[in-house]
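Chains G and U supply the protein sequences, listed in that same order. The first sequence begins at 1 in this note's numbering and counts up one residue at a time. The second sequence begins at 1001 in this note's numbering and counts up one residue at a time. For each residue, glycine too, the CB sits at the ideal point set by N, CA and C. Working notes for the structure below.
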Amino acid sequence: MRVLLVDDEQELVETLAERLGIRGIEARWTTNGDAALELIDQEDFDLAVLDVKIPGINGINLHKMMKEKCPRMKFIFMTGHGSQDDFAAGSAETGVDYYLLKPVTIDELLHKMNELMNK
Amino acid sequence: MADHNSMGIASELQFFGKMTASISHEIKNVIAIINESAGLLEDYSLMAEKGIPVDPARLKTVSERISSQIKRADGITKNLNNLAHSVDEFHKSVGIKETLELAVGLAQRLADMRSITLELKPPSDLSTVITSPFHLQNLIWQILDFAMDVSGDGKTVGLTFETGKASVKIRFTGLEGLRGLSETAFPTEKEKVLLQVLRATIHEDVEAREINLILPKDMDQQSSANI
Chain G
1 MRVLLVDDEQ ELVETLAERL GIRGIEARWT TNGDAALELI DQEDFDLAVL DVKIPGINGI
61 NLHKMMKEKC PRMKFIFMTG HGSQDDFAAG SAETGVDYYL LKPVTIDELL HKMNELMNK
Chain U
1001 MADHNSMGIA SELQFFGKMT ASISHEIKNV IAIINESAGL LEDYSLMAEK GIPVDPARLK
1061 TVSERISSQI KRADGITKNL NNLAHSVDEF HKSVGIKETL ELAVGLAQRL ADMRSITLEL
1121 KPPSDLSTVI TSPFHLQNLI WQILDFAMDV SGDGKTVGLT FETGKASVKI RFTGLEGLRG
1181 LSETAFPTEK EKVLLQVLRA TIHEDVEARE INLILPKDMD QQSSANI
């Protein structure tokens, strides 16, 4: 599984990528939407984990643009705040597969990733 | 149209809500980084238990990361505390430099979201004004919000101040996209109410690409005057 992590908090995506790497998952990371779009032009990814609020192109628009470029790619949103109702409404609106609330546990993230890839 | 009083209260709550929401998002990010860093240390210890060598330099990096995030959280909560205490007194002597430092600290994340750099360049001047600290923070934010919209390709907003005899001029500089306040909806009624409360005035200098906020040194003693 190849994963792209996008969050403006570099230390967060860097650490998360290393932890996924330890578990045998190849993860690349970037801190902004433009770089994410460049990366998916150059490399293949199965799944992207996006922060909802990132500088420049926000996570919601970035998801739309990435989905257009890579229709088979799966998406998980990470967000700082929100309720299950917000997430349900957000999922219906954006078509994002999952929302996870920060701080995310690695087991929860892996579980959602595996669930998505096996869909 | 809402009267000035209800508009003022709504504006105050909106400002407070905007700032505290932004701060809570930032705190969540700090928690998330500390959480992942703690998880990574746990991963390293599990690896070591299995006999997989762990580079001590990696442990040091993670430990430094946690320390820097704790310092960051300390700064964020100090700003939150200062904002909370800004409503303690309606009239208070406040340092302009400290006021601008707090304003930039509060606006930093919102500026980052817009890919805009805030440059605080205060003089080594210990000027104070007697004012309403909370209303002043609110007004500075409203001007900063507009200034970021008109920062143009430079995507940088500078903040500095100059002290005159009876007033202090806070300058919002580097506004490459500024076309003149008369051509925009700014200041809106919201800012006009705040200007009235603080007995302050706002001026543009399109040629210099800046907006100036003129505050009286004592909002109870006199109206603002140009310096």
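query: Cβ-based burial, M1001/U [other Cβ within 10 Å; buried from 16]; result: Model confidence at M1001/U stands at a pLDDT of 42, short of 50, so the residue's coordinates are unreliable; what they give is reported in the following sentence. It is exposed - the Cβ of M1001/U has fewer than 16 other Cβ atoms within 10 Å.
query: Sub-8 angstroms separation of L47/G and M113/G beta-carbons; result: yes
query: Min CB distance H1025/U to chain G below 8 angstroms; result: yes
query: S1063/U versus G1039/U, K1050/U, H1135/U and I1076/U, residue with shortest Cα-Cα distance; result: G1039/U
query: Whether L1144/U touches A1107/U by CB criterion (8 angstroms); result: yes
query: C-beta neighbour in chain U for T138/G, strict 8 angstroms; result: The structure shown has nothing for residue 138/G, since chain G only spans 1 to 119.
query: Interface flag, G1039/U vs chain G, CB-CB below 8 angstroms; result: yes
query: Closer than 8 angstroms at the beta carbon, the chain U residues around E9/G; result: N1029, A1032 and I1033
query: Validate contact between the stretch 1028-1045 of chain U and the stretch 1053-1073 of chain U using beta carbons, cut 8 angstroms, 3 pairs; result: yes
query: Terminal residues of the alpha helix (DSSP H) in which A1157/U lies; result: First, the amino acid is wrong: residue 1157/U is Val here, not Ala. Segment T1156 to T1163 is the beta strand (DSSP E) holding V1157/U; no alpha helix (DSSP H) there.
query: Selection of the stretch 60-84 of chain G by Cβ proximity to chain U, strictly under 7 angstroms; result: G80 and H81
query: Expected contact under 8 angstroms - CB spacing of D1043/U and R72/G to nearest Å; result: The Cβ separation is near 30 angstroms, so there is no contact.
query: Check whether K1217/U and V1129/U have beta carbons under 8 angstroms apart; result: yes
query: Buried or exposed (CB count within 10 angstroms, at least 16 for buried), M1219/U; result: buried
query: Min CB distance I22/G to chain U below 8 angstroms; result: yes
query: I57/G at chain U interface by Cβ criterion, 8 angstroms; result: no
query: Three-state secondary structure assigned by DSSP to V3/G; result: strand
query: Contact set for D1125/U: own chain, Cβ-Cβ below 8 angstroms, skip 5 residues either direction; result: I1096, K1097, F1161 and T1163
query: Interface residues of chain A facing D1112/U [CB-CB closer than 8 angstroms]; result: Looking for chain A here will not work: the only protein chains present are G and U.
query: For L50/G: DSSP bridge partner residues; result: V6/G and F77/G
query: Unbroken alpha helix (DSSP H) run spanning F1146/U, endpoints; result: P1133 to D1149
query: 8 angstroms Cβ cutoff, E1064/U in contact with chain G; result: no
query: Segment contact, 8 angstroms Cβ cut-off, at least three pairs: the stretch 1152-1159 of chain U with the stretch 1183-1200 of chain U; result: no
query: Enclosing beta strand (DSSP E) for S1167/U [first to last residue]; result: S1167 to T1173
query: Euclidean distance between Cα positions of I1211/U and I1027/U; result: 32 angstroms
query: Test item: CB-CB of I1140/U and A1103/U under 8 angstroms; result: yes
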